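Step one of this worksheet: look at the structure below.
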Amino acid sequence: MPVLFAAFTNPLLLWGLAGASVPLLIHLLNRRKFREESWAAMRFLLAAMRKNQKRIQIEHWLLLLVRTLLLACLALAMARPALEALGALDSLGGRRHWLLAIDGSMSMEFENGESTRFDQARTVARRLIQDARPGDAFSLVLLADPPRTVIGAPAFAKDAVLSALDSQTVPQGGMDLAGSFQAIDAALETSDITRKEIVFLTDLQSEGWKPAGASQEEQLRSIAERWEAKRAHSQVIDLGQADAKNRAVVAVETTPAIVTIGSNVAVKARVKAFGGGYPGGRAQLVVDGRVLADETQELPAIKAGDETELEFRHQFAAMGDYLVEVRIDQDSLPVDDRRFRIVPVREAVDVLLVDGDAKPGVFQSETAFLAEALSPETDSPGQASAIRVKEVTEAQLSRGDLSGYDAIVLCNVARFSRESVEALESFVGQGGGLVFFTGDQVRPENYNSLLFKGGKGILPAEILPPIGDPASRETPFFFDPLGFRHPVLSDYAGQPEPVVASLANVKTFRYHRLNVPADSGTQTVLRLGPDPLIVEARRGRGQVLLVGTAADRDWSDWPIHQSYPVLMEKMIYEAASQRFSDRNVTVGEPIDVVLPAKAADSEVTVRWPDRSSARQADNERRSERLDLEVRDLSSFARSPVTDLAGDYQVEVGPPTSKTERFAANPPATESDLTKLDVAGLRVGLPGWSFDYDNDWKPLKKSTSSLRQRGEFHRPLLWSVLGLLLIESFLAWKFGHHRNANRS
Amino acid sequence: MDESPRYLDPQTLASIQGLDLAARLAVEGYVAGMHKSPYHGVSVEFAEHREYVPGDDIRHVDWKVWSKTDKFYLKQYDEETNLLTYLLLDTSESMGYASEGHVSKLQYAQLVAAALSYLVLQQQDSVSLATFNAKVDRFLRPSGQPSHLKDVLQVMSATPARQKTDLGAIFHDLAERFKKRGLIVLLSDLFDEPSRILAGLRHFRHRRHDVIVFQVLDPAELDFPFRQTTLFKGLEGLGDQLADPASLRRAYQDEVNAFCSELRKGCQSINIDYVLLRTDQSLDQALSSYLATRSARLTRSR
């Protein structure tokens, strides 16, 4: 702590300190001004005085001291002293730079009484601005993820600050604590006003105020140290309620991951109760804003901390992007009582099968089994497949336009050209799925140098030379499904023996060993003995799977097992899944639009969701023009960060015309309204010193307590009271009253 | 009965012009308050009969004898005449002290002395008065004549409070002067060394006098009720002293109480009645103490 100085709000009242000399003066005057009394019993008086001289003197001085202190404290209290760090004295009574840091996380939309916490924060901020002295400057930062610096360089015009404040809405996302502190720090830097006041208006939601990890903690600590060095004073006004409860839809998932026309889609939603139990209610499935009457369910009662799962079923009749919404009865925090998901409905999942070993004849080609497994002939039993396959040869790969496909399967392709690798990278970059099968023609060195690139390419693992003898077929290798942990295999978990046998009995006679780099994020789906056979990794925006053996019967007997079509379909869906899940973002993230390179000249506009429940006309909704840039052989644009939950429409064109829809949802963690108390905050953010106030209501009327921080006139007044009691006690103790009573 | 307290109130008596009237009022008032006259019964003893001669008061005719003998006899009483009462009145400067609203100690002592004189003379006893300060100032020889009261009161009212006192020496002096045994009534604030006072009193006792000590003190001297800082100007040349009475009160009272209790104990040890009189008290305590002592003396001497 720097040396502290006391400064005074009413320095003139310091003259009152002179009052402290009053008891002394009275004492002295008493010695000068006295009554006279002729006295006969002098001997007793003299004896009493002789014996008690010392005690009386001590008592006198003690009383005098207490009375002097009492008046001094009173005078000091009236002068309203404030403790100031050394150096801030020069700016005393001068300008101040107010940094209003308003919590903009979703939880601030919690309705507490008649207004939301955010409105309350705004009310206090407005009062603070109105109460400020002329010459004070303001910055405004919303604590959010990402933080929103509304006014960075301090503004002096109150009207401008007020209107900027009024125009703010709560970003319905989470909070990036370190980022927000950084933003505040940056805003502090912009002004040379030495007296800086940071006023945090927040609900202290525990999720937002907990530093994520040691590095962030360190970052926060260093920022706090900088503030300390700058003598920026922090004041936290707590708008949260410890007992707030909230029910929220925390997840909406659709299965299957890829939805085609007519397929029966399960929409699963999880509803959780935070901070308190809820009685039952109603849950609705809403598709494109239409409430589906037959898809309204009873929502069971939920105990505090518990969650319940709801399942709706729906069939989509036409192609397109659908906004699916699960809605429950509104509570005090309405934002998370609905959750959105964009479900792109396709006619089919388009898969390109590239045959590296094309041969004429039934089931002679490398991709024949695969094609049959993925898209069986229509007369075969079971539900019609949603996968539409196209078989091409290796040579056709580099010529075709890949953007129309959702996944590409490359079977036993001997080698790749740089052009075809670029095309594949671009395809993956736009969210496409890739599945590689090896085979006898595969040149590992070509794969490793062009596709793996030492871990930087799209291939998830390095391909090592093959082992095993497919000719004799005497020493088969068997699958190790690793406990069916991977999503591709998860359906097998807990299945009866015959079903599992269709996987466990697959004999593999030859395979390429795969070298999975450590810490690369590559997941192993299944192994052959100690060696990974199927691995998966996220590459760019897409998903890539590598199978270390052939897709046909050359190296294994897998195609004749029942597990073959099942797993192949799963792998295709897994690979293509990113094309679909991409449409769902968390509020605070931007929307990335990836288009084929040829669309680089198109106009792209993102239209924000309507904020209110009443539908706004399209032209009233916020929209942003995006500039496309060519990146990684595709056209790419990134929108400003999303700050509302709901449906974002990306309109592309002209020349091409296309609309893609995206859904943004608040982070589920933000629904948990558990809050920190002041002690928790100090523990969570060590090194940050701040004043804390959890009674915001008086601040609606006057913010003088914020503006006159560091004051200690209250303790002084308490001292006055204490000294008064001590004085009375001493006076009584020293005999005045007792003897008066006795006489 | 209702009248008596008023007559015994020192304040009221002090406002009455002339000590003789005050004394009479006090005694009559006091007597009126009693069921039985102090003049008869205790002090008057039947002795013999004598024949009635005209002019005798017929109240004294013994009617029982008349009924038996048909002759008039008077009851003759053997009165304890000439019970000698010595009044010693301290007129030193300290006796002049009066706190606000009270009579001075001297005035009070004078009232008591006057009342006692009146009472004594009414009982046909003799009274003697000695006033003293630094030395014995005035001395009236004992006399039982009713006219003696006038002399006594005159001497008292003519004596102002002045000079300091040395009680021990004076008591020794007086003890030598009082040849005839009697009842010594001392009225003083006794502001002197207790040992010297007691030594003097012991001298009286040695001379077979009965002694009753009335220590007359002002209420202020006992309660020390002052609040403001006060410059106490010592009487009898004891110098001035500035003091804060509030803080000293307790210590002062301790001193006074110690002094009084030393005197009381000293007096008890030599069979002297000690009575503390506050100048705000009515006179009846002084009178009844006197009468009690007198009666005890008579009982003893019989």
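So the sequence lines, in the order shown, correspond to chains C and U. Anchor point for the first sequence: position 353 equals 1306 in this note's numbering, and the numbering is continuous, going up by one each time. Anchor point for the second sequence: position 74 equals 168 in this note's numbering, and the numbering is continuous, going up by one each time. Ideal placement from N, C-alpha and C gives every residue a C-beta, glycine not left out. No experiment lies behind these values; they were computed from the predicted model shown.
Where residue i falls: helix, strand or coil (DSSP)
i: LEU336/U; result: strand
i: SER382/U; result: helix
i: ASP1191/C; result: strand
i: TRP968/C; result: helix
i: TYR202/U; result: helix
i: GLU1319/C; result: coil
i: LYS1343/C; result: strand
i: PRO1451/C; result: helix
i: PHE1071/C; result: helix
i: ASP1289/C; result: helix
i: ALA1617/C; result: strand
i: TRP1685/C; result: helix
i: GLY1273/C; result: strand
i: TRP992/C; result: strand
i: ALA1106/C; result: strand
i: VAL214/U; result: helix
i: PRO132/U; result: The predicted position of PRO132/U is uncertain, since its pLDDT is 43 and thus under 50; no value can be drawn from it.
i: GLU315/U; result: helix
i: LEU1039/C; result: With a pLDDT of only 40 at LEU1039/C, under 50, the local geometry of the prediction cannot be trusted, and the value read off the model is given with reservation. It is coil, neither helix nor strand.
i: PHE1091/C; result: strand
i: HIS1050/C; result: strand
i: PRO976/C; result: helix
i: SER389/U; result: helix
i: PHE1432/C; result: strand
i: ALA1085/C; result: coil
i: VAL246/U; result: helix
Beta-carbon proximity of residue i to residue j, cut-off 9 angstroms
i: GLY1234/C; j: ASP1289/C; result: no
i: LEU1276/C; j: VAL1240/C; result: yes
i: GLN335/U; j: GLY328/U; result: yes
i: ARG1492/C; j: ILE1411/C; result: yes
i: LEU1404/C; j: GLU1344/C; result: no
i: VAL214/U; j: LEU377/U; result: no
i: PRO1549/C; j: SER1592/C; result: no
i: LEU1187/C; j: PHE1153/C; result: The amino acid at residue 1187/C is misidentified as Leu; the sequence shows Ser. Yes, they are a contact pair.
i: PRO1124/C; j: SER1058/C; result: yes
i: GLU1264/C; j: VAL1220/C; result: yes
i: LEU1096/C; j: LEU1141/C; result: no
i: ALA1028/C; j: LEU970/C; result: yes
i: ALA1090/C; j: ILE1151/C; result: no
i: LYS199/U; j: THR373/U; result: yes
i: VAL249/U; j: SER237/U; result: no
Integer Cβ distance of residue i from residue j, believed to fall under 8 angstroms
i: ALA1204/C; j: ALA1621/C; result: 7 angstroms
i: LEU1015/C; j: PRO976/C; result: The Cβ separation is near 12 angstroms, so there is no contact.
i: LEU370/U; j: LEU311/U; result: 7 angstroms
i: ALA1195/C; j: LYS1628/C; result: 6 angstroms
One or two residues paired with residue i in a DSSP bridge
i: HIS143/U; result: LYS169/U
i: HIS1186/C; result: GLU1150/C
i: PHE233/U; result: ALA224/U
i: CYS1364/C; result: ASP1308/C, PHE1390/C
i: TYR368/U; result: VAL307/U
i: LEU943/C; result: No answer is possible for residue 943/C: the residues shown for chain C start at 954 and end at 1696.
i: PHE272/U; result: Note: PHE272/U sits in no beta bridge, so no partner.
i: ARG1294/C; result: VAL1277/C
i: PRO1419/C; result: HIS1465/C
Proximal chain D residues relative to residue i, where beta-carbon distance stays under 9 angstroms
i: VAL206/U; result: Looking for chain D here will not work: the only protein chains present are C and U.
For the stretch 294-312 of chain U and the stretch 358-365 of chain U, state whether three or more C-beta atom pairs, one from each stretch, are separated by less than 8 angstroms. yes
If you pair each beta-carbon of the stretch 1324-1331 of chain C with each one of the stretch 1632-1651 of chain C, do three or more pairs fall below 8 angstroms? no
Quick test of the definition: if touching needs 3 or more C-beta pairs under 8 angstroms, does the stretch 1593-1607 of chain C touch the stretch 1514-1523 of chain C? no
How about the stretch 1370-1388 of chain C and the stretch 1528-1540 of chain C: do they share at least three Cβ pairs that are nearer than 8 angstroms? yes
Do the stretch 1453-1473 of chain C and the stretch 1485-1500 of chain C touch if we need at least three Cβ pairs shorter than 8 angstroms? yes
Is there contact between the stretch 1638-1653 of chain C and the stretch 1058-1077 of chain C, where contact requires at least three CB pairs shorter than 8 angstroms? yes
Would you call the stretch 253-268 of chain U in contact with the stretch 286-299 of chain U, where contact means no fewer than 3 C-beta pairs closer than 8 angstroms? yes
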